[in-house]
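Have a look at the structure below, then the notes.
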Amino acid sequence: MTQRQNVYERPVEILQRLIQFNTTNPPGNEAACIEYIRGMLSEAGIQSALLAKDPNRPNLIARLQGEGKAPPLLLYGHVDVVTTENQSWQNPPFEGRLVDGYVWGRGALDMKSGVAMMIAAFLRANAEGLRPPGDVVLAIVSDEEAGGEFGAKFLVEEHPNLFKGIKYALGEFGGFTLQIGRKRFYPIMISEKQICWMKATVRGAGGHGSMPVKGGAMARLSQLLKALDENDLPVHITPPARRMVEAIAPRLGGVQGFILGQLTNASLNGAIIKTLGERGRVFYPLFIIRSARPCCRAAQRSM
Ligand SMILES: [Zn+2]
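Once you know that position 142 of the sequence shown is 142 in my numbering, the rest is easy, because the numbers rise by one and skip nothing.
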C-alpha cells in the first residue's frame, strides 16, 4: 500500500475494501458499504445524497458539475452481490484477497470492480478539476440482484428528477462485443427478456410406497416437463427483436446477412436458428416469447 498515492490511484484497494462488506442480497444490508463510498467522496470534498426506502439499503447519488453545454452523463452501479451459500471457494469470498495479481471475492466481477472504477474515475475527475461539457452523475445503488425494489426502481419512481436530462449512461454492461462472422457489433440494450411464470396443478391417484402407482401425479408432471423441454414455444417477433435483426443483417451483408435477416420471418425462424448452429443460441430466446396466460395453456395442453 502506498499512502502517498491518492485513493483514486488505488482502485484495487477500493475493490478489495468493497468486497469485504458482505452485501449478499437477500438481505443486502448495503448501508455500511454505501457509507464507505460516501466517506471517500466526502474526504474529497464531494457532497452526496443518500436516498433509501429502507435505511439498511440506501442509494448514493453524487454530482460533478459540468459546463451545462451537454446532457449529464450517468455512471451507475450496484454494490449488492449474489449468494455464496453452499459454494466452495478457492479463496474466502469476503476478504478481497489479492493473489497473483487477481482480486478474489464475491462481487469482484459483478460488479464491485465496476463500482471501484467508477468511484476512482469520479474522484480523479474531481481532483483534477475536470469541467466536462455536462454534469457527471454517480449513482451507486443497493438491491440489483433481487429485483431492484430498494435500488434502481425506488430511485426512478420516487426521485426521477435526479436523472432529468440524462441521455447517456455507463453501467454494468457498457458494451459487450457480439462477433458474427467477421463483423463486430456492439449491441445497445433497449429491453430485457421477460419471465414466463407457469403454474400447473397435476393430479393423480394417491397410494403407498408398498404398492406401486402407475401414472401418478409425479409421473404426469415428468411428462409435462419433458414436453416443455422437447417443444419450442411458438415464435413471436417482438418489435425490439425485429429491430435488432434489421440493424445487424444489412451490415453483415452477403449470404450470412441474408440468412440472419430471415429470422424475422416467423415461418423460417426455427430453421434459421438451427442453421446458425452455436451462434443460434444467442438469437433463439429472442423469439420464443408468449404472454403468461397462453403459455400456461400450452403447458396444460401438453399434459
Ligand atoms: Zn450486476
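Quick reminder that beta carbons are idealized off the backbone N, C-alpha and C, glycines included.
In this structure, the alpha-carbon of Leu123 lies about 41 angstroms from that of Glu246. Shown here for Leu74: same chain residues with a beta carbon closer than 6 angstroms to its own, the five before and five after excluded, namely Val137, Ile166 and Ala169 in chain order. For His78, the CB falls within less than 7 angstroms of some heavy atom of ligand 1. Listed in chain order, the beta strand (DSSP E) runs fully inside the region 130-186 are 136-141, 168-170, 178-180 and 183-185, counting runs of at least 3 residues. When secondary structure is reduced to three states using DSSP, Thr24 falls in the strand class. By the C-beta density criterion, Ser267 is exposed, having fewer than 16 other C-beta atoms within 10 angstroms. About 13 angstroms separates the Cβ atoms of Asp229 and Ile288, ruling out a contact at the 8 angstroms cut-off.
Around Leu41, the same chain offers Ser48 and Ala62 as residues with beta carbons nearer than 6 angstroms, after the five sequence neighbours per side are excluded.
Under the DSSP assignment, Asn126 falls in the alpha helix (DSSP H) whose first and last residues are Lys112 to Ala127. With a threshold of 7 angstroms, the Cβ atom of Asp232 does not count as near ligand 1, since no heavy atom of the ligand is closer than that. With respect to Val79, Val115 sits close: the two C-beta atoms are nearer than 8 angstroms. Here the C-alpha atom of Val213 lies approximately 13 angstroms from the C-alpha atom of Arg203. Residue pairing by DSSP puts Val81 in a beta bridge opposite Thr24. Of the other Cβ atoms in all chains shown, fewer than 16 fall within 10 Å of the Cβ of Asp100; this residue is therefore exposed.
Under the 10 Å beta carbon count, Ile119 is surrounded by 16 or more other beta carbons and is classified as buried.
Judged by DSSP in its simplified three-state form, Leu109 adopts coil rather than helix or strand. If you look at Leu41, you'll find it in the alpha helix (DSSP H) that goes Ala31 to Glu43. Within 10 angstroms of the beta-carbon of Thr264 lie 16 or more other beta-carbons, which makes it buried. Contact check for Ile180 against Leu252 passes: the beta carbons are separated by less than 8 angstroms. For Met111, the CB contacts under 7 angstroms within the same chain, skipping 5 residues up- and downstream, are Gly77, His78 and Glu172 in chain order.
In this structure, Glu30 has its CB at a distance of at least 7 angstroms from all heavy atoms of ligand 1.
Look at the beta carbons and you see the region 206-221 not touching the region 154-164: under three pairs across the two are nearer than 8 angstroms. Excluding residues up to 5 positions away in sequence, Tyr8 and Leu75 lie with their Cβ nearer than 8 angstroms to the Cβ of Ala121 in the same chain.
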